[in-house]
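> My structure is below; once you've seen it, I'll send some questions.
Pasting the structure below:
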């Protein structure tokens, strides 16, 4: 099993602040995905990064895949209360399933 | 139209009982999954089915038995429920070639 370590585990910030969430592994992944999960709901895909060094932007969210394809980061600029949720990184496992990191729980207060 | 739907949303039961969770997807996907999310929000794969055939069975007790009557359905039956089975169970589906997974809203199982 390819383990994914996420940090920080919890993050509580005020509206307007910037933040970065990290996802690290000792294994190489062909791709990494980021999901966001809101309370009472299932995870929803935000982005997939495939190429080493790739940077993808989704409005105020910037995702980066490490050059060696072992790590990824998610940066949120000017966080808003609507960004509150559990952020999960995931890499491909066997049988088309996903191995998930343990998640970063983000709370953005007004 | 909900893409991946699970029933029930909540399930409260006594230890030792047998229960089932149903999952249906209307996305035309060929692969379906069951994941378990524990109290610390760790999401772990339990089973993976492709075209109704089991392709992953992680270290899950054999009290858990998935059943896929067709490509659009993957149900989870649990025998002799234990306290440690309390968790949120998520069904998901994907198209094998893409591996973008679509999750249901989860079933919160509480074993008393």
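Residue numbers (our numbering), protein chains in the order written: chain A, 1356 to 1465; chain B, -7 to 104. By construction, the Cβ of each residue, glycine as well, lies at the ideal position given by its N, Cα and C atoms.
#1: Could one say the Cβ of residue 1403/A lies closer than 9 Å to chain B's Cβ atoms, at least one of them?
#2: Suppose you measure from the CA of residue 29/B to the CA of residue 1408/A; what does that come to, to the nearest Å?
#3: Taking three-plus beta-carbon pairs below 8 Å as touching, is the stretch -6 to 8 of chain B in contact with the stretch 1415 to 1435 of chain A?
#4: What does DSSP give as the partner residues of residue 1442/A in its beta bridges?
#5: Does residue 1376/A come within less than 9 Å of chain B when only Cβ atoms are used?
#6: Which residues in chain A sit within 8 Å of residue 23/B, going by Cβ to Cβ distance?
#7: Looking at the strands, I want to know which residues DSSP matches up with residue 41/B.
#8: Just reading off the beta strand (DSSP E) that residue 61/B is part of, what are its end residues?
#9: Among 102/B, 24/B and 37/B, which residue has its Cα nearest to the Cα of residue 1457/A?
#10: Determine, using beta carbons only, whether residue 1401/A and residue 1387/A come nearer to each other than 9 Å.
#11: Please classify residue 98/B as buried or exposed, where buried requires at least 16 other C-beta atoms within 10 Å of its C-beta.
#12: Please list, in chain order, all residues of the same chain as residue 1375/A whose beta carbon is under 6 Å from its beta carbon, the five residues on each side excluded.
#13: Under 8 Å by Cβ, that's how I've got residue 66/B and residue 60/B pegged, so tell me the actual separation to the nearest angstrom.
#14: Quick one, which of 1364/A, 1436/A, 1361/A and 1441/A has its alpha-carbon nearest residue 1370/A's?
#15: Take residue 1442/A as the anchor and find which of 1455/A, 1464/A and 1368/A has the nearest alpha-carbon.
#16: If you follow the beta strand (DSSP E) that residue 1427/A is in, where does it begin and where does it stop?
#17: In chain A, which residues lie with their C-beta within 8 Å of the C-beta of residue 20/B?
#18: Measuring only between beta-carbons, confirm whether residue 1384/A sits less than 9 Å from chain E.
#19: Mind pulling the chain B residues with CB within less than 7 Å of residue 1370/A?
#20: Below 8 Å on the Cβ atoms is my contact criterion, and I expect residue 77/B with residue 101/B to pass it. Report the Cβ-Cβ distance as a whole number of Å.
#21: Sorted by chain position, which residues of the same chain lie with C-beta nearer than 8 Å to residue 1368/A's C-beta, five sequence neighbours on each side aside?
Per the coordinate set shown:
#1: yes
#2: 31 Å
#3: no
#4: 1391/A and 1459/A
#5: no
#6: 1451
#7: 24/B and 46/B
#8: 56 to 62
#9: 37/B
#10: no
#11: buried
#12: 1428 and 1430
#13: 5 Å
#14: 1436/A
#15: 1455/A
#16: 1426 to 1431
#17: None at all; the shortest Cβ gap to chain A is about 16 Å.
#18: Among the chains of the structure shown, chain E does not appear; the protein chains present are A and B.
#19: Those do not exist, as residue 1370/A stays about 23 Å from chain B at its closest Cβ, beyond 7 Å.
#20: 6 Å
#21: 1374, 1434, 1461, 1462, 1463 and 1464
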